[in-house]
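To keep things clear, I will list the structure first and then write my remarks on it.
In the working numbering, the protein residues as written are 628 to 901.
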């Protein structure tokens with residue numbers, strides 16, 4: 628069960644990392660003088676229908692965070708072979724905490740399974756690997772993290788739309804520009820969702836009128852199930868296929884950089900294990 632969940636989570640996280648997040652936007656200027664860049668951002672936000680006073684409040688403490696850039700340049704977990712990846716992330720403590728949370732939130736997992744078709748083992752693994760069941764959610768200021776990555780020239784088109792989504796969360800009362808913290812890449816809460824994903828997939832699981840992913844496990848788990856479904860999860864389909872390989876397999880045709888259909892693997896002699 629634990630191996631099942633761990634394998635699925637590695638695949639789900641790799642898939643999520645490879646997919647574009649948020650709505651498409653026109654290519655925007657990046658880098659250069661931050662103050663001038665911020666002025667352009669404010670104008671674009673107002674043009675999108677946000678009140679000038681709201682935009683000013685949202686950006687009142689705007690600044691570049693050098694630690695975000697450092698973290699962005701230091702990624703490497705998804706280049707690891709699965710065995711190394713799993714050894715780094717699976718621990719007895721996580722397994723024990725998973726059992727406790729499975730029991731504590733049994734009713735919530737029932738709802739997710741019925742509504743989205745995502746099993747509790749999958750969600751527990753996702754929750755564990757993202758934040759250790761909410762214990763480690765990140766301490767980067769969310770707005771400044773998104774500003775930094777939007778201003779930086781490496782991936783501005785990925786993160787700029789997230790800023791406008793964050794303004795929308797601010798308008799709903801679900802984000803505090805000064806106090807909301809999370810991961811260095813702008814993800815928020817127990818299951819680490821970006822602002823646009825919260826707007827698109829967020830669910831008020833505890834019925835309090837807000838989607839509070841930092842403190843509400845029902846909100847986080849329901850939202851995660853909804854997001855996995857939006858990424859293509861289909862109930863009843865296998866998330867992993869154990870296979871047998873021929874002794875003469877060309878291993879240069881395998882690995883993280885080689886994605887093939889099942890029929891293509893079969894032609895190479897890679898077949899479901901009996």
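Using N, Cα and C, we set each Cβ at its ideal position, and we do this for glycine too.
Which listed residue (the options) has its alpha carbon closest to that of residue i
i, options, result
"residue 755", "795, 817 and 667", "817"
"residue 760", "843, 877 and 862", "843"
"residue 600", "727, 725 and 747", "Nothing about residue 600 can be reported from this structure: the residues present for the chain run from 628 to 901 only."
"residue 687", "666, 693 and 676", "666"
"residue 721", "685, 763, 670 and 813", "763"
"residue 692", "769, 839, 888 and 806", "769"
"residue 827", "804, 803, 881 and 793", "793"
"residue 716", "758, 698 and 812", "758"
"residue 825", "775, 668 and 839", "839"
"residue 738", "698, 799 and 846", "846"
Buried or exposed by the 16-neighbour rule on C-beta atoms within 10 Å, applied to residue i
i, result
"residue 651", "Below a pLDDT of 50, predicted positions are generally treated as unreliable, and residue 651, at 39, falls in that range; the measurement from the model is reported next regardless. Flag for residue 651 reads exposed."
"residue 648", "A caution first: residue 648 carries a pLDDT of 39, below 50, which makes its placement in the model unreliable, though a value can still be read off. Under this definition residue 648 is a buried residue."
"residue 885", "exposed"
"residue 653", "Because residue 653 carries a pLDDT of 44, less than 50, the predicted location of this residue cannot be relied on, and the following value inherits that uncertainty. So residue 653 ends up on the exposed side."
"residue 851", "buried"
"residue 875", "exposed"
"residue 801", "buried"
"residue 819", "buried"
"residue 789", "buried"
Expected contact under 8 angstroms - CB spacing of residue i and residue j to nearest Å
i, j, result
"residue 791", "residue 674", "No, residue 791 and residue 674 are not in contact; Cβ-Cβ is about 10 angstroms, not under 8 angstroms."
"residue 779", "residue 696", "6 angstroms"
"residue 744", "residue 863", "7 angstroms"
Residue i in three-state terms, based on DSSP
i, result
"residue 865", "coil"
"residue 889", "helix"
"residue 839", "coil"
"residue 681", "helix"
"residue 808", "strand"
"residue 717", "coil"
"residue 815", "strand"
"residue 732", "coil"
"residue 667", "helix"
"residue 788", "helix"
"residue 880", "helix"
"residue 652", "Confidence in residue 652 is poor, its pLDDT being 42 and thus under 50, which makes the residue's placement too unreliable to answer from."
"residue 802", "coil"
"residue 748", "helix"
"residue 853", "helix"
"residue 675", "coil"
"residue 727", "helix"
"residue 708", "coil"
Residue(s) in a DSSP beta bridge with residue i
i, result
"residue 822", "None; residue 822 has no bridge partner."
"residue 871", "898"
"residue 768", "808"
Within-9 angstroms CB hit, residue i to chain C
i, result
"residue 767", "Going by chain labels, chain C is absent from the structure shown, which holds only one protein chain."
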